[in-house]
Every structure is written in structure tokens, then in C-alpha cells.
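Peer 1: Residue numbers (numbering that gives the first Met the number 0): 0 to 287.
Ideal placement from N, C-alpha and C gives every residue a C-beta, glycine not left out.
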Amino acid sequence: MSFAKLISLFEEAQIMTFIGYFFLFNLGIITLEILVDVFTSKKRRWKDTFANISIFVINQLLEKTIMGSIGVICLVPISWVSFFEPPLNMYTWILAFFVADFTYYWMHRLEHEHRILWASHSVHHSSEDYNLTISFRLSLVEGLFEWLFLVPMVLIGFSPFQAIVGLVLVAQFQTWIHTERIGKLGWLDGIFNTPSVHRVHHGSNNKYLDKNYGGFLIIWDRLFGTYQKEEEPVVYGLTNNINTNNPIKINFIEYKHIWSDVKHCKTLKDKLRIVFGGLVWKPGYFKE
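1) Which of the three DSSP states, helix, strand or coil, is assigned to Phe-275?
2) Please work out which residues of its chain come closer than 7 Å, Cβ to Cβ, to Ile-52, disregarding the five sequence neighbours upstream and downstream, and give them in chain order.
3) DSSP three-state call for Phe-191: helix, strand or coil?
4) Indicate the three-state DSSP secondary structure (helix, strand or coil) for Tyr-90 in the structure shown.
5) If you reduce the DSSP assignment to three classes, tell me which class Ile-202 lands in.
6) For a quick check, are the C-beta atoms of Gly-236 and Ser-195 less than 7 Å apart?
7) What does a CB cutoff of less than 6 Å around His-177 pick up in its chain, not counting 5 residues either side in sequence?
8) Can you tell me whether DSSP reads Tyr-212 as helix, strand or coil?
9) Cα-Cα, which of Val-122, Phe-96, Pro-151, Thr-91 is closest to Asn-239?
10) Helix, strand or coil for Tyr-254? Go by DSSP, reduced to three states.
11) Based on the DSSP output, what are the partners of Tyr-235 in its beta bridges?
12) So, helix, strand or coil for Gln-227, using DSSP?
13) Determine the extent of the alpha helix (DSSP H) in which Glu-145 is found, giving its start and end residues.
14) When the Cα of Val-98 is compared with those of Ile-29, Leu-267, Pro-246, Gly-214, which residue comes out closest?
15) For Trp-258, is the classification buried or exposed, using 16 other Cβ atoms within 10 angstroms of its Cβ as the cut-off for buried?
16) Taking the C-alpha atoms as reference points, what is the distance between Asp-220 and Glu-179?
17) Could you check what DSSP says for Trp-79 in three-state terms: helix, strand or coil?
18) For His-107, name the three-state secondary structure that DSSP assigns.
19) DSSP on Ser-158, reduced to helix/strand/coil?
20) Quick one: what's got a C-beta closer than 8 Å to Ser-138's C-beta in the same chain, skipping five residues either side?
21) Looking at Asp-209: is its Cβ nearer than 7 Å to the Cβ of His-111?
22) Can you look up Arg-44 in the DSSP assignment and give me helix, strand or coil?
23) Tell me whether the beta-carbon of Arg-198 lies closer than 7 Å to the beta-carbon of Val-233.
24) Would you tell me roughly how many angstroms separate the C-alpha atoms of Ser-158 and Val-75, rounded to the nearest one?
25) By how many angstroms is the C-alpha of Glu-253 removed from the C-alpha of Glu-141?
26) Can the beta-carbon of Arg-44 be found closer than 7 Å to that of Asp-36?
27) Pop quiz: Leu-154 and Phe-82 are said to be a contact at Cβ under 8 Å. What is the actual Cβ separation, rounded to whole angstroms?
28) Nearest CA to the CA of Leu-23: which residue from Gly-156, Asp-188, Phe-172?
29) Give the single residue among Gly-156, Thr-91, Leu-271, Trp-186 whose Cα lies nearest to the Cα of Ile-77.
30) Use the C-beta contact count for Asn-293: other C-beta atoms within 10 angstroms, 16 or more gives buried, fewer gives exposed.
31) Would a C-beta distance cut-off of 7 Å place Cys-73 and Trp-146 closer than the cut-off?
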């Protein structure tokens, strides 16, 4: 094994260690918030919280099996035909993070704008609460397709490892912003994704729908016209709430809605519009 390969493996091990510590830190602040809410008797839908934790546990089990390997398995062959091969160093890691953040913005936006993608992402928005355990409330099937959004990163030269880690770090950063305990942060709210900025994103208020898609930087939203300040009190959840704490139903109820709508379509064109069209087709999330 070459010296360069040994250095690369050492750097990858360091990155994974950092992600591990980041993950444990996030678990720690989530646990702390739960304990504070218990001892201060803060109003919280505890069945909702337990549903979030259950979804998290199931997701962790899936990520430790084939689901967590799909992205790597699919992206590695694509890396063989990449246009460049930049070195793995501090500068390319920093660049990879910000490119992943830009990628996240468009992935997130498309998940809101197309119903078949919204079917999985709506899981994260379906809680009527807003606390740190909402960061646990993620679709069980997103890992099957989200790697596709990393294809451009890999084609321009970032390794599959860099691309996936970059996206993971963007996602991990967002844990702390799922809280009402931190108010507005002034000028930071105009540059970064903060609790105030992300509360807007989770709002079902008309003026808050489909706003603030950014992961780390909120500059992308300001650049592409999707930024919205927190102005009126946020109403969390969907415009038509699902009213269930069953983790499986939470994850698959929108697919059931899509299938129900497809069965009522008479033409193939309408069926395709129902499945792949914009959210104007999603029940309870109309924008007329």
C-alpha cells in the first residue's frame, strides 16, 4: 500500500471519528432538552416524541444494513468516469462541504416541489410539535434515492466518500435548529440556517410554505428567492395533518394517498401528473 493511500485512509478515519463525536453531541442536546421539558413540565406531545425516537431507532438499524451502503455502491462506479480527481486535503474537504450544502438546497427544494419526493420528506414535516426530536423524524426510504442528488458532485471530481460525508455533516448541523428555546439571532438569521429560520420552514402558515430550504447556509434561499423571515407565530405540521403516532403510518401514509389518487385517474397523463407533478396535486397541501 502506498504512503499516499495510508494518508488518505488516516484522514478518512479522522473524518469518521469527527462525525461520531458530532452525532454523540447531538444525542446529548436532544436528551438534555427532553429532561428539561420533563422537569419544567413544558407542554409537549409525548406520544409524538416517542414516535420520533422510534423512527430514529428503525433508521439506525436500516443504515447499519444494506440501506446505508446503497449510496456508496451506486456512486463508486460513477466516480470512475469523473472529470477530475482533486486531492483529499483540508481545502477540498471544506469545498466539498459547501458544494454538498448547495446540493442539499436543491435536493430539499425538489423534495417539496414534486409529490413522489414529498411522500418521503413529508415525514419530517408531519409533527405538530417542534423540538429537537423532530431531527429524528426522517423517512425510512430516503436512503434509496437521495444519493442520486450527489451524482453531479462525484462527476466533477469529489469522491463518493467526500460527497456523502459532506451531505451527512450538513444534515447533522441541523439538529440544534429544531427548537423553540432559541429566539432570533439577528444578522446570523440572514446568513445561516438558524432556529428562527428553520421554524419558518416547518410552518404550515400560507406565507411560510416552501421557504428556507438551506441546510447550513441560508444564502441559497436569498439568492433563489425562497427566503422568509419569521414574522407571525408558526403553526407546525402539515396543512392537512395525519393525526397518527404510528411510525410506520407516518412513513408511508402519503404513498397511500398517492395510490388512492392514481386509482381515480382515467388517463396515463393524469396518473403521471399525480405521481411526479408538483404539490398542487397533494391532498391537503394545495396552493391555489
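Peer 2: Taking the coordinates as given:
1) helix
2) Thr-132, Phe-135
3) strand
4) helix
5) Before going on, a small fix: residue 202 reads as Gly here, not Ile. Here Gly-202 sits in strand by DSSP.
6) no
7) Leu-131, Ile-133, Ser-134
8) coil
9) Val-122
10) helix
11) Gly-202
12) coil
13) Neither: Glu-145 is in no alpha helix (DSSP H) and is coded neither H nor E.
14) Gly-214
15) exposed
16) 22 Å
17) coil
18) helix
19) coil
20) Ser-119, His-120, Val-122, His-123, Asn-250
21) yes
22) coil
23) yes
24) 8 Å
25) 14 Å
26) no
27) 6 Å
28) Phe-172
29) Gly-156
30) Nothing in the structure corresponds to residue 293, since the chain is present only between 0 and 287.
31) yes
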